[in-house]
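First up is the structure itself, then whatever we jot down about it.
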Amino acid sequence: MTEKWRLIELEAESVAHLNMSVRPAITRTVSEGKAGSTLVIATFEKKCVGISYYNDAFKDVDIKAARKLGISFKRGAIGGGGSLYIDTGMMFCLLYLDRKSRLVPQSDELIIMKVMAGVADEFSNAFKVPIRFRPLNDGEIWDFKNKMWKKLIPSSIVGMGDAIIVAVAIQVTPSDVDIAQKVITPPSEKFTDKQVKSVSERIGSFETAMEKAPSMDELGKAVRSAVENSFNVAFYPGELTPLEKVYSEESLRLYDNDKWLYNRSELKFGDIGTEECIGEKIIKVPGGPLLRVTLVRHGDLLRDILFTGSLHASPNDAFKMLEDLLGGIKLSGENIRDIVEEFYQRDIKTPMITKEIVCEAILMAAENSRKVANQL
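Mapping of the sequence shown onto our numbering: residues 314 to 689, in sequence order.
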């Protein structure tokens, strides 16, 4: 018998608002076993900058430019990947999966591959334009004019308890690349494994690749069909439950504030003492996420550490857990490797970020801090 999953279609104020309200609310009910696997297909009234869970708002977004342009920017409560400029020409889809379901792979990499490959195949067939899945988390469309692949469908995956959430954003009409270039400020390392060297060169859309872009309704039906075929399920129309509406309001109170917005920044470190110094290292995984490690060193002690970047993790706060384990330790390769090794022996998933990469980034950030200290 085919398993039935819930489908919710809605229009939200913005992606940022959705990420602080509906997204954590449904995550909570699915994780608690009070709702089953659910697909949310959303369109939006307002443009915004969506800041992902592990993004540093000061380093990944030009806050002054966003304010000058009148574009709201908010940090989501859940999810991975990089910061995005999101306008009303984008469709946003959230797939909530019950980790206990026999239909859901145990590997996060396999889950996102299953979803994104299915969406790419469905779109290619339905709309007669070349679309491919590019690991870790991008769907790309072929730009015939410039003879190159461009990002069409960024995605992310995260785990919270028994819930796994895959977020898929589909660029239907062209994003205003001038605005995107002004408000999104990724480090240069982000483009080291790509043909392009800027946000504006990287972004594509259905409208620029086709004579006529599919409608939001046509796209929604294609997404639904892709998920049904990939997981061998059928959808029934649904809506937010009364409990999810309560959870949504609670989430807004928790996350719609500056304390949460700047939570993943160097403000975490507080005042830096005269005998302390900061070190940083950025590593871009080829075909994968960007990891930024920033730390405060006091002599041979790692006083505090911060992991940011376009990271994906399950559970969602995995890198925060690692920060707590590392804070206060004596800086040595052996200590760091022992703690990171023990950390990854738990049920931790950080797609394409291995324990070796984490150790390398920490040690190089510490070495860079020594270089800074020596220059003072």
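By construction, the Cβ of each residue, glycine as well, lies at the ideal position given by its N, Cα and C atoms.
Legend entry - Secondary structure of PHE405, DSSP reduced to three states: Within the sequence shown, residue 405 is the residue found at index 92, counting from 1. PHE405 falls in the strand class under three-state DSSP.
Legend entry - PHE371, DSSP secondary structure in three states: Indexing the sequence shown from 1 puts residue 371 at position 58. In this structure, PHE371 counts as helix in the three-state DSSP scheme.
Legend entry - Sequence-distant residues of the same chain with beta carbon closer than 8 Å to ASN545, five excluded per side: Sequence index remark: in the sequence shown, residue 545 carries index 232 (1-based). Closer than 8 Å at the Cβ level, and outside the excluded window around ASN545, lie THR315, GLU316 and LEU416.
Legend entry - Option nearest HIS625 by Cα separation, candidates ASP400, ASN368, GLU326 and GLN494: For the purposes of this step, residue 625 is taken as residue 312 along the sequence shown, with counting starting at 1. Comparing Cα-Cα distances from HIS625 to each of ASP400, ASN368, GLU326 and GLN494, the minimum goes to ASN368.
Legend entry - Other residues of its chain near TYR560: CB distance less than 6 Å, five sequence neighbours each side excluded: Here residue 560 refers to the residue found at position 247 of the sequence shown. Counting only Cβ-Cβ distances below 6 Å, and skipping sequence neighbours, we find ALA338 and ARG341.
Inset, instruction - Put LYS708 into one of helix, strand or coil per three-state DSSP. - result: Given a span of 314 to 689 for the chain in the structure shown, any question on residue 708 remains unanswerable.
Inset, instruction - Find out if the Cβ-Cβ distance for the pair SER350, LEU423 is shorter than 7 Å. - result: As a working note, residue 350 is residue 37 in the sequence shown. As a working note, residue 423 is residue 110 in the sequence shown. No, these two residues do not count as a Cβ contact at 7 Å.
Legend entry - beta strand (DSSP E) segment containing ARG388, residue limits: Position 75 of the sequence shown holds residue 388. Looking at the DSSP string, the run of the beta strand (DSSP E) that includes ARG388 is 385-388.
Legend entry - Neighbourhood of ASP617 by C-beta distance below 6 Å, restricted to the same chain and skipping five residues each side: Counting from one through the sequence shown, the residue named residue 617 turns up at place 304. Result list for ASP617: PHE582, VAL609 and GLY640, in chain order.
Inset, instruction - Kindly indicate the opening and closing residues of the beta strand (DSSP E) around VAL464. - result: Stepping through the sequence shown from its first residue, residue 464 is reached at position 151. The displayed chain sequence assigns Lys, not Val, to residue 464. Here the beta strand (DSSP E) through LYS464 covers 461-473.
Legend entry - CB of PRO467 within 7 Å of CB of TRP455, strictly: Here residue 467 is taken as the residue at index 154 of the sequence shown, counted from 1. Here residue 455 is taken as the residue at index 142 of the sequence shown, counted from 1. No, the Cβ-Cβ distance between PRO467 and TRP455 is not below 7 Å.
Inset, instruction - Could you tell me if the beta carbon of VAL598 falls within a distance shorter than 6 Å of some heavy atom in the ligand SAM? - result: Of ligands this structure carries none, so the ligand SAM is not represented either.
Inset, instruction - Counting only the same chain and skipping the five closest in sequence on each side, list residues whose C-beta sits under 6 Å from that of PHE440. - result: The count along the sequence shown starts at 1 and reaches residue 440 at position 127. If we look at PHE440 and ignore the five residues flanking it on each side, its Cβ neighbours are PRO527.
Legend entry - Under 7 Å between C-beta atoms of ILE661 and ALA686: What you label residue 661 is simply residue 348 of the sequence shown in a count that begins at 1. What you label residue 686 is simply residue 373 of the sequence shown in a count that begins at 1. Contact flag unset, no.
Legend entry - Own chain, CB closer than 7 Å to SER543, minus 5 neighbours either side, in chain order: For the purposes of this step, residue 543 is identified with residue 230 of the sequence shown, where counting begins at 1. Only LYS427, VAL428 and GLY431 meet the Cβ criterion.
Legend entry - Cβ-Cβ separation, ALA679 to GLY592 (assumed contact under 8 Å), whole Å: Position 279 of the sequence shown, counted from the start, is the residue given in the question as residue 592. Position 366 of the sequence shown, counted from the start, is the residue given in the question as residue 679. With 8 Å as the limit, GLY592 and ALA679 qualify as a contact, their Cβ atoms being about 6 Å apart.
Legend entry - Cβ neighbour criterion (16 or more within 10 Å) applied to PHE405: In the sequence shown, residue 405 corresponds to position 92, counting from 1. That one is buried.
Inset, instruction - Measure the alpha-carbon distance for LEU382 versus SER437 and round it to whole angstroms. - result: For the purposes of this step, residue 382 is taken as residue 69 along the sequence shown, with counting starting at 1. For the purposes of this step, residue 437 is taken as residue 124 along the sequence shown, with counting starting at 1. The alpha-carbon atoms of LEU382 and SER437 are separated by roughly 35 Å.
Inset, instruction - Assign LYS643 to one of three DSSP states: helix, strand, or coil. - result: Taking the first residue of the sequence shown as 1, we reach residue 643 at position 330. Three-state DSSP puts LYS643 in a strand.
Legend entry - Burial state of THR663, where buried means 16 or more other Cβ atoms lie within 10 Å: Within the sequence shown, the letter at position 350 stands for residue 663. Buried: at least 16 other Cβ atoms inside 10 Å.
Inset, instruction - Identify the continuous alpha helix (DSSP H) that holds ILE376 and give its terminal residues. - result: Counting from one through the sequence shown, the residue named residue 376 turns up at place 63. From DSSP, the alpha helix (DSSP H) with ILE376 extends over 376-382.
Legend entry - ALA355 - DSSP class collapsed to helix/strand/coil: For this step, residue 355 is matched to residue 42 along the sequence shown. ALA355 falls in the strand class under three-state DSSP.
Legend entry - For VAL496 and TYR366, believed in contact at Cβ under 8 Å, the rounded distance: Your numbering for residue 366 matches position 53 in the sequence shown. Your numbering for residue 496 matches position 183 in the sequence shown. Between VAL496 and TYR366 the Cβ distance is about 18 Å, and since that is not below 8 Å, they are no contact.
Legend entry - Per DSSP, cross-strand counterpart(s) of TYR745: The shown model of the chain, from 314 to 689, leaves out residue 745, and the question about it has no answer.
Inset, instruction - Could you pull the start and end residues of the alpha helix (DSSP H) that ASP530 belongs to? - result: Here residue 530 corresponds to residue number 217 of the sequence shown, with the count starting at 1. That run of the alpha helix (DSSP H) goes 529-544.
Legend entry - GLU435 classed as buried or exposed, judged by whether at least 16 other C-beta atoms fall within 10 angstroms: As a position in the sequence shown, residue 435 is number 122, starting the count at 1. Its Cβ being crowded by 16 or more others within 10 Å, GLU435 is buried.
Inset, instruction - Keeping to the same chain, check which residues put their C-beta closer than 6 Å to that of ASP373; ignore five residues upstream and five downstream. - result: In the sequence shown, the residue the question calls residue 373 occupies position 60. Counting only Cβ-Cβ distances below 6 Å, and skipping sequence neighbours, we find SER396.
Legend entry - Spatially closest choice to PHE357 from ALA476, VAL328 and LYS463, by CA coordinates: Counted from its first residue, the sequence shown places residue 357 at position 44. Answer by Cα proximity: VAL328.
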